[in-house]
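Okay, so here's the structure we're looking at.
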Amino acid sequence: TTRPSGITPKEWSRWRGFMSAYLHLNVQPDDLRAMSSLALAHMGDAVYEILARGWLCTQGRATCGNLHKETVALVRAEAQAAAVEKLLPCLTEAERAVYRRGQYTRATGLEALFGWLYLQGQLERINQLFGIIMEEKEG
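This note's numbering numbers the first residue of the sequence shown as 7 and each following residue consecutively.
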């Protein structure tokens, strides 16, 4: 691909460096710190929705009539706020700092946390935290 106009060669090289594996990102700590909490929450919103959709599909709850409704129930702000209460005792200090940084609302803080973890490639930790959220719902 060619470098878009208005992007310096240095910026293009940096961007290509962490965007070469689109589903397996590994953004450097300085770049993460430079991102706004809104950017982290934007990414985390997508990550959380994919987790919810995947969970519904693998739990055998993917029926035509209720799939969208159940997805919305899992990802709406009230459900995410309840999820935060389960997670807070389990978070590391760094994770709590990211949550607080993104905490316009509890849901936004949760999304920022999931975005931050995803952008670092911490998929195992994302799965662990989402598992804690979904514990009571499984079965």
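For each residue, glycine too, the CB sits at the ideal point set by N, CA and C.
Which two residues bound the contiguous alpha helix (DSSP H) that contains residue i?
i: G137; result: 129-140
i: V209; result: Here the chain covers residues 7 to 145 and nothing more, so residue 209 does not appear.
i: L31; result: No alpha helix (DSSP H) contains L31, which DSSP labels as neither H nor E.
I need the straight-line Cα distance from residue i to residue j, nearest angstrom please.
i: Q86; j: K16; result: 38 Å
i: Q65; j: G71; result: 15 Å
i: D37; j: A52; result: 20 Å
i: T69; j: A100; result: 39 Å
i: K143; j: R39; result: 34 Å
i: H48; j: Q134; result: 21 Å
i: G60; j: S11; result: 38 Å
According to the Cβ coordinates, are residue i and residue j closer than 7 Å?
i: A113; j: S43; result: no
i: F136; j: G50; result: no
i: V179; j: L93; result: With the chain covering 7 to 145 only, the question about residue 179 has no answer from this structure.
i: G127; j: L62; result: no
i: I138; j: C96; result: yes
Excluding sequence positions up to five away, which residues of its chain have a Cβ less than 8 Å from the Cβ of residue i?
i: E55; result: T77, V81
Leaving out five residues before and five after residue i in sequence, what residues of the same chain have Cβ atoms less than 6 Å from its Cβ?
i: Q109; result: G115
Any alpha helix (DSSP H) of 4 or more consecutive residues that is wholly inside the stretch 70-121: 73-81, 83-93, 99-107
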